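The numbering used here puts the last residue of the sequence shown at 289; the count rises by one with no breaks.
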Amino acid sequence: MGVIQFPKKKRVKSQSAIDAARKPYCEYSGQPGYCHVHHIRRRSQGGDDIPENLISLAPEVHDAVHRGKIDRYVLILIVARRENLTPEEICKRIGEPIPSEWPDYTPPDPPPWEEVLQILLSLEEAQDDCKWRQGEILAALVDYGVPRKTIASEIGKSASYIRERVNTWRAFPDEGTRVRELSWQHHRIAAKTDDPRKWIEAAADNGWSTRDLERAIKEAKNPGLALSQEEKELKQAEALFAKLEETIAKGGPAGKWLLEKTAELLEDLGVTKKGVRASA
């Protein structure tokens, strides 16, 4: 009689689960930054793409785990706290044996979101500083007589990329001409106008987004595109009414509630008589 072969358990694969597990901080160290998603039970051993088997680790921590410098049961303790489960439950779910003794380790608290956001803002500022430096260097090469096409070919960029960097830097050649609170993208848009500094100051004074700045520039070039305040309010009212009409037409609890509230408002304003109700 031959040996009975049981079918192997099919490994759970889910890229969405991996993406969801990626956090803007290391779950081992608690430090904000880019992280790798690590499988506690390795894929080669049948580890599933499930939350209980996934943890976000800083690159250097991830490397230390693979070199055996960090106990995988420490990672299980972290995940257990995160998932609000016992370490034993995590072991069962990912297929790891339960140890006779757990490591003496207390998982760190996640960093406050303000700290993570500050890291992001710092990176954005660093990127903008890099773009200004690129513009300065590219402008120097152009002034030296190096053709834009040659520069573009050597650095793997388009000629328009070179032109954009150079023109933006020429419009705002030093920090005194720039608005620190606004992005390089704001300055790039303003640099395309006849008066870059006027537009960058207007963007700062009005708190414009890049889209707002582009719209204002277009309207200034073609006043016919600009809407009066009354026209803007009318368009907003039309959009609001269309949404209200759509919700009421769908019926259901939301439509009924909205219909009743609309009727009450019309009564309060004296548009309809008291006690008159439309039906959904």
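The beta carbon of each residue, even a glycine, is placed where N, CA and C say it ideally should be. Bear in mind the structure is a predicted one, so any value in this text is a computation, not a measurement.
Beta-carbon within less than 8 angstroms of residue i's beta-carbon, same chain only, minus the 5 sequence neighbours each way: which residues are those?
i	result
Leu-86	Pro-96, Trp-111, Pro-112, Tyr-114 and Pro-116
Glu-92	Pro-60, Glu-61 and Ile-99
Ser-167	Ala-161
Glu-133	Ser-192
Ile-79	Tyr-37, Val-70 and Ala-73
Pro-68	Tyr-43, Cys-44 and His-45
One question on the structure: do residue i and residue j come within less than 8 angstroms of each other, judged by their Cβ atoms?
i	j	result
Thr-219	His-196	no
Ile-59	Ala-26	yes
Ile-171	Ala-161	yes
Leu-253	Leu-267	yes
Ala-148	Trp-193	no
Asn-176	Ala-200	yes
Gln-143	Arg-174	yes
Tyr-37	Val-88	no
Ile-128	Pro-41	yes
Gly-165	Ile-103	no
Ala-213	Leu-222	no
Gly-39	Pro-119	yes
I'd like the list of long-range same chain contacts for residue i, defined as Cβ closer than 6 angstroms, with 5 residues on each side in sequence excluded.
i	result
Ile-107	Glu-97 and Cys-100
Ser-23	Asp-58
Note down, in chain order, each residue of its chain lying with its Cβ closer than 7 angstroms to the Cβ of residue i, except the 5 sequence neighbours on either side.
i	result
Val-46	Ile-27, Ala-30, Arg-31, Leu-63 and Ser-65
Ile-209	Val-188, Leu-191, His-195, His-196 and Ala-199
Asp-137	Ser-192 and Trp-193
Val-125	Pro-33, Tyr-34 and Pro-41
When you measure from the CB of residue i to every non-hydrogen atom of the ligand ADP, does any distance come out below 7 angstroms?
i	result
Ala-199	The ligand ADP is not among the ligands present in this structure, which contains no ligands whatsoever.
Report task. List in chain order: all unbroken beta strand (DSSP E) runs of 3+ residues lying wholly within the region 24–83. Result -> Counting only runs of 3 or more, we get 45–48 and 63–66.
Requested in this report: Note down, one range per segment and in chain order, each alpha helix (DSSP H) of at least 4 residues found wholly within the region 113–164.
Outcome: Unbroken alpha helix (DSSP H) runs of no fewer than 4 residues, entirely contained in the region 113–164, are found at 122–152 and 157–164, following chain order.
**Report entry** Uninterrupted alpha helix (DSSP H) stretches inside the region 214–265 (no shorter than 4 residues)
**Finding:** Counting only runs of 4 or more, we get 219–230 and 238–259.
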